[in-house]
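These protein sequence lines map, in sequence, to chains A and B. Numbering-wise, this note's numbering comes out as the position in the first sequence, counting from 1, plus 237. Numbering-wise, this note's numbering comes out as the position in the second sequence, counting from 1, plus 311. The structure appears below as structure tokens.
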Amino acid sequence: METFEPTIIAFVCNWCTYTAADLAGTSRQKYPKNVRLIKVMCTGMVDPKYVLKAFLQGADAVLISGCHPGDCHYINGNYKARRRTKLLHEILSRFGIDKKRLRLTWIGASDGIEFAATIRKMVEEIREAGPLQSDLKMVI
Amino acid sequence: MDKAYTLRKENLLDSFRAFLKSLLGSGEVSGVLVPLRSVNNQAIMPALVSDLSLLDQADPLSPSFQLNGAKLVSRLTRREGEEKIAAVLRPCEVRAFVELVKIHQARWDNIVIISHDCAGAFSNRDFNQLAKDKGEGFTLEFIKKKIADNFDMESPNISTACQICDKPFPELSDITLHYFGAENQELVIVSQSEKGAGILGKIAGDTFKDAGSSSDILQKTMDDKNICISKRKEKQKAIFEQLAAQTSSIAELSNYFSSCVNCYNCRVACPVCFCKECVFNTDVVDYDPFQYSAWSKARGVLKMPVDTVFFHMTRMIHMGLSCVGCGQCSNACPNDIPIAELFKMAGLQAQKAFDYVPGKDVADAPPLSVFYENEFKDVTGLH
Ligand code: SF4
Ligand code: SF4
Ligand code: FES
């Protein structure tokens with residue numbers, strides 16, 4: 238049987254996690270190609286709608302990743318992202334989208350290795366969890 | 312200690328009107344917003360009454376609940392320094408008003424909020440078909456029955472939102488009017504704020520009398536109220552359990568909304584849908600025609616109108632934390648989709664997660680308006 242290859246949408250902040258992803262690349266760290274990176278200026282600008290739309294358009298998981306607490310370049314965007322993620326977890330889990338399908342992590346600019354490891358782990362987890370909406374044809 | 316006053320006329324409706332008349336007559340307020348019965352066609356709509364004699368048409372006790380009045384109060388209070396008015400609101404309307412005050416879409420400084428024990432309401436359709444034409448006699452019968460059955464919500468035609476409402480007794484207000492358990496049709500009037508106490512102190516006299524401490528009087532009905540609330544909570548639990556089983560995946564949620572036509576009436580009716588311009592009215596969702604074809608080709612089919620589940624989940628994220636459970640979304644739906652219980656169920660879970668009770672206290676910040684360094688650590692990381 239073919240292994241299931243999940244699609245993961247990752248919203249990464251320009252200053253930390255995107256830089257880490259770049260570093261992972263230049264330092265030849267390997268991670269699976271299931272993830273689609275979307276660069277945003279700050280995790281604080283990830284509107285919950287982006288996450289909802291990603292899931293409804295077929296993503297199997299979503300990652301939001303940015304600077305560690307205290308390091309956000311817009312001072313507190315990551316704290317706002319944390320509350321929004323908390324809210325999304327509560328609402329999404331009501332309708333069968335488990336918390337592990339929406340992750341929020343802090344990955345600093347110099348953490349290329351951690352970035353690659355995070356993606357590897359997440360892909361593994363979601364492979365195991367299976368597709369989110371195999372039976373979903375009509376939903377937009 | 313809050314003071315209580317009692318008022319007893321021919322019947323409860325007369326007592327209620329007598330109270331409003333002495334309030335308006337005193338000049339303490341220049342108008343009263345209250346559900347008013349039209350002499351032309353018996354329809355009941357909120358109206359801002361400034362002519363004392365028209366208060367004889369006030370009918371705040373009927374099961375008519377055409378719309379959530381919090382939005383109207385928001386309009387009436389959005390500027391500083393206007394004339395002082397009073398508004399008669401059901402408890403869920405007060406809670407919605409409190410949510411709007413928090414986000415500066417309503418002001419409480421110059422309005423007297425009057426709330427009352429709420430016996431529940433019908434859907435607009437049921438009210439218009441079954442009750443409207445029977446006039447004020449229907450209200451009196453209804454209230455008598457509700458007092459006798461201690462607000463039993465299983466009685467016919469009470470909307471689902473009201474059947475599962477566990478806060479039908481007013482808490483936060485300036486003045487509250489109580490009649491739960493009042494077999495003798497006596498209205499108990501209690502001040503809930505300094506403003507309310509000041510006004511009652513001034514206007515009490517011939518029409519209604521000082522009856523001592525409010526806690527002593529309200530204590531008498533406390534046990535029955537608690538029974539009423541716990542019954543509703545049981546009902547709520549049963550409905551939520553069934554709903555949860557019915558909507559356990561996005562596909563099922565989509566089925567739930569399969570007759571939704573994206574009219575957005577539910578959003579218009581929602582008192583805490585606070586956006587001045589909803590994103591679903593903007594060009595964010597003004598897709599190019601080729602986009603629809605692309606979506607169709609990607610899956611072989613595209614249900615139209617698009618974004619139905621997206622809209623509902625977005626709304627849930629936006630107002631779920633403030634959902635007061637008034638049921639007006641269901642009331643507004645042209646296709647009878649039972650929206651209210653779904654939003655209340657999801658909203659309640661989110662409210663619990665943030666330890667937030669909408670409408671409880673103006674000082675409680677809406678959860679997404681504040682954030683702290685050391686909180687919700689469990690939300691982050693892979694574990
Ligand atoms: S939801 Fe509660 S407070 Fe609102 S009308 Fe129904 S019973 Fe009354
Ligand atoms: S009122 Fe009913 S049909 Fe209209 S958008 Fe809301 S759920 Fe859909
Ligand atoms: S700039 Fe990186 S999270 Fe705000």
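Each residue gets a CB set at the ideal place from its N, CA and C atoms; glycine is no exception. Here the structure is a predicted model, which is why all the values come from computation and not from measurement.
Thinking just about the alpha-carbon of each residue, which of L632/B, L366/B and A674/B is nearest to the one in L325/A?
L632/B
In the DSSP assignment, find the unbroken alpha helix (DSSP H) run with A358/B in it and report its ends.
Run containing A358/B: none in the alpha helix (DSSP H); it sits in the beta strand (DSSP E), I355 to V360.
Which residues count as close to ligand 3 when the rule is a CB under 6 angstroms from any of its heavy atoms, in chain order?
C250/A, W252/A, C253/A, C279/A, T280/A, G281/A, G303/A, C304/A, C309/A, H310/A, Y311/A, G314/A and N315/A
Taking 7 angstroms as the limit between beta carbons, can you name the residues of its chain near C581/B, skipping five residues before and five after?
M630, Q639 and C640
Near R418/B, what residues of its chain come up, given a Cβ to Cβ distance below 6 angstroms and the 5 sequence neighbours on each side ignored?
So the list reads T388, once near-sequence residues are dropped.
Do you know whose CA, among V617/B, S680/B, C589/B and M356/B, lies nearest P600/B's CA?
V617/B
Cutting at 8 angstroms between CB atoms, please list the residues of its own chain near L359/B, excluding the five before and the five after it.
G342, V343, L344, L387 and I396
Taking only runs of the beta strand (DSSP E) that begin and end inside the segment 354–405 of chain B, which ones reach a length of at least 3 residues, in chain order?
355–360 and 396–400
So what does H489/B bridge to, in DSSP terms?
V499/B
To the nearest angstrom, how far is the alpha carbon of A562/B from that of K337/A?
19 angstroms
Count the other CB atoms, across all protein chains shown, that sit within 10 Å of the CB of A298/A; report buried if there are 16 or more and exposed otherwise.
A298/A sits buried, since 16 or more C-beta atoms from the chains shown fall within 10 Å of its C-beta.
Which runs of the beta strand (DSSP E) spanning at least 3 residues fall entirely within the segment 317–369 of chain A, listed in chain order?
Restricting attention to beta strand (DSSP E) runs no shorter than 3 residues, the segment 317–369 of chain A encloses them at 339–343, ordered along the chain.
Are the CB atoms of I424/B and L441/B nearer to each other than 9 angstroms?
no
Are there 16 or more other CB atoms within 10 angstroms of the CB of H489/B, so buried, or fewer, so exposed?
buried
Please say whether R406/B and D477/B have beta carbons closer to each other than 9 angstroms?
no
If we ignore side chains and look at the alpha-carbon of each, how far apart do I377/A and Q294/A end up?
Note that I377/A has pLDDT 48, beneath the 50 cutoff, so the model's placement of it is unreliable and the number below is only indicative. Distance between the alpha carbons of I377/A and Q294/A is about 7 angstroms.
Taking Cβ-Cβ distances shorter than 8 angstroms, what residues in chain A pair up with Y683/B?
Within chain A, the residues near Y683/B are Y316.
Using a C-beta to C-beta distance shorter than 7 angstroms, which residues of chain B count as neighbours of E327/A?
Close partners of E327/A in chain B (Cβ separation under 7 angstroms): Q660, A661 and A664.
So what does DSSP say about K478/B, is it helix, strand or coil?
coil
Would the segment 306–321 of chain A and the segment 265–280 of chain A be scored as touching if the rule is three or more Cβ pairs under 8 angstroms?
Flag = yes, the segment 306–321 of chain A and the segment 265–280 of chain A touch.
So K323/A packs on A657/B, CB below 8 angstroms; how close in whole Å?
Not a contact, Cβ separation roughly 14 angstroms.
What are the boundary residues of the alpha helix (DSSP H) that includes C640/B?
Counting along the chain, the alpha helix (DSSP H) containing C640/B begins and ends at Q639 to A643.
Would you kindly report the start and end of the unbroken beta strand (DSSP E) that includes K520/B?
K520 to S524
Output yes or no for whether 9 angstroms exceeds the beta carbon distance between A369/B and N439/B.
Not a contact, by the Cβ cut-off of 9 angstroms.
Chain B partners of L324/A, CB-CB under 9 angstroms?
Under the 9 angstroms cutoff, chain B gives I628, G631, L632, A661, A664, F665, P678 and L679.
The beta strand (DSSP E) spanning F248/A covers which residue range?
I245 to C250
Distance check for D689/B and V409/B, CA to CA, integer angstroms please.
When rounded, the distance between both Cα atoms is 31 angstroms.
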